[in-house]
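Worksheet: one structure, shown below.
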Amino acid sequence: MGNAKVKGKVAAGGSTGGAILGVDPGLNITGYGVIRSTAAGIELLEAGIIRTKAKASLERRLLDLHEGLGEVIAAHKPSVLALEQLYSHYKRPQTAILMGHARGVICLLAAQAGIAIESFEATRVKRMMTGNGHAPKDQMQMAVKLQLNLATVPEPPDVADALAIALCQQQMSSMQVQL
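Here our numbering is used: the first residue of the sequence shown is 81, the next is one more, and so on.
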């Protein structure tokens with residue numbers, strides 16, 4: 081299992097609250113991003129990927145995902161896990177099945193830790209971040225970079241997607257607090 085991480089602080093508006101873990105699920109690469117709203121803005125606690133070995137058995141890959149994301153949950157104790165909703169493209173049903181395995185492990189981890197789960201459709205995340213529900217990866221990366229005031233775009237795109245999911249959850253939480 082390989083794991084790439086990014087840590088740092090960024091400034092943005094938001095309400096004070098617990099950590100939000102955004103996850104872009106995948107069997108090969110799962111992107112994650114942990115943010116927290118503070119009185120001073122949004123703090124980026126950690127972002128990275130969990131990569132499984134393509135030639136390993138399905139069981140081993142799911143275990144690696146469980147262990148890797150479990151470490152992130154143990155380190156940051158998020159109050160909510162924001163997750164991309166499962167979708168299926170008619171040309172690639174096998175991909176949806178494999179994604180379902182990864183998503184199941186992620187949901188199990190959240191349940192074991194007593195963390196609430198919020199799901200977002202990919203098109204909704206893209207629309208909230210860019211105004212375009214079909215925005216390409218590079219546009220999403222740039223939107224996350226700008227919103228979090230990062231020096232560079234988050235790489236790989238799985239990290240940007242996970243951070244975008246976390247930011248959408250933060251925005252939805254802020255809107256609920258204001259209501």
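Glycine included, every Cβ here is placed at the ideal spot set by N, Cα and C.
request  = Would you check if the distance between the CB atom of Leu-161 and the CB atom of Leu-101 is smaller than 7 Å?
outcome  = Within the sequence shown, the letter at position 81 stands for residue 161. Within the sequence shown, the letter at position 21 stands for residue 101. Closer than 7 Å, so yes.
request  = Report the three-state DSSP secondary structure of Ile-195 (helix, strand or coil).
outcome  = Taking the sequence shown and counting its residues from 1, one reaches residue 195 at position 115. In this structure, Ile-195 counts as coil in the three-state DSSP scheme.
task = Using a Cβ cut-off of 7 Å (strictly closer), state whether Gly-150 contacts chain B.
result = No chain B is part of this structure, which consists of one protein chain only.
task = Compute the distance between the beta-carbons of Gly-113 and Ala-202, then report whether it is under 7 Å.
result = Taking the first residue of the sequence shown as position 1, residue 113 is located at position 33. Taking the first residue of the sequence shown as position 1, residue 202 is located at position 122. Not in contact: Gly-113 and Ala-202 (Cβ atoms no closer than 7 Å).
task = Check whether the Cβ atoms of Ser-117 and Gln-227 lie closer than 7 Å to each other.
result = Your numbering for residue 117 matches position 37 in the sequence shown. Your numbering for residue 227 matches position 147 in the sequence shown. The answer is no: Cβ separation not under 7 Å.
query = Using DSSP with H/G/I as helix, E/B as strand and the rest coil, what is Arg-172?
reply = To locate residue 172, count along the sequence shown from 1; it is residue 92. Correct three-state label for Arg-172: coil.
task = Check the DSSP bridge columns for Asp-144 and list the partner residues they point to.
result = What you label residue 144 is simply residue 64 of the sequence shown in a count that begins at 1. In the DSSP output, where bridge partners are listed per residue, Asp-144 has none listed.
task = Could you name the residues of the same chain whose beta carbon sits closer than 6 Å to that of Ala-215, not counting the 5 residues immediately before and after it, in chain order?
result = As a position in the sequence shown, residue 215 is number 135, starting the count at 1. Answer for Ala-215: Lys-206, listed in chain order.
ask   = Measuring CA to CA, which of Glu-151, Ala-127 and Ala-99 is closest to Gly-121?
value = Translated into positions along the sequence shown, residue 121 becomes position 41. That would be Ala-99, whose Cα lies nearest to the Cα of Gly-121.
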